[in-house]
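Residue numbers (my numbering): 1 to 120.
Backbone N, C-alpha and C define an ideal beta-carbon position, used for all residues, glycine too.
As the structure is a computational prediction, the values presented were derived from the model and not from experiment.
To keep things clear, I will list the structure first and then write my remarks on it.
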């Protein structure tokens, strides 16, 4: 069983490794959607897998670091691909949520997404 929380953020990035003139080379922005899921069974005392309020607060803290920012300038996101955004979010959330099951980051306007389900 999994519970999930979704949040959005808008950010800019670029990939200077691409040749000049390539669409990824120049600075451009996206609206991103992220979703995190926590796996488990409901606690007998509370009926919850995890406190969604705590999940929301942790996600919104991460969102604050990403929203309306240049992703390349954030530590750990020098190469701000969807894959690296998933890993970046995982590294921030996993210590607080050991049962973290997956992190998905989407760019719906592009029809693109990446899902990370943890190491291993």
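Three-state secondary structure (DSSP) of residue i
i	result
residue 77	coil
residue 10	strand
residue 83	helix
residue 117	coil
residue 27	coil
residue 99	coil
residue 46	coil
C-beta contact flag for residue i and residue j at 8 Å
i	j	result
residue 45	residue 28	no
residue 99	residue 50	yes
residue 1	residue 41	yes
residue 122	residue 38	Summary: the structure shown does not reach residue 122, with the chain confined to residues 1 through 120, and so no result is reported for it.
residue 52	residue 116	no
Sequence-distant residues of its chain with Cβ nearer than 7 Å to residue i (five each side left out)
i	result
residue 72	13, 14, 78 and 80
residue 19	25
residue 63	7 and 9
Close Cβ partners of residue i (< 8 Å) along its chain, the five nearest in sequence each way excluded
i	result
residue 32	8, 9, 10, 11, 66, 85, 105, 106 and 107
residue 112	82 and 106
residue 96	54 and 58
Cβ separation of residue i and residue j, assumed to be a contact under 8 Å, to the nearest whole Å
i	j	result
residue 93	residue 58	6 Å
residue 89	residue 55	That pair is no contact at about 12 Å.
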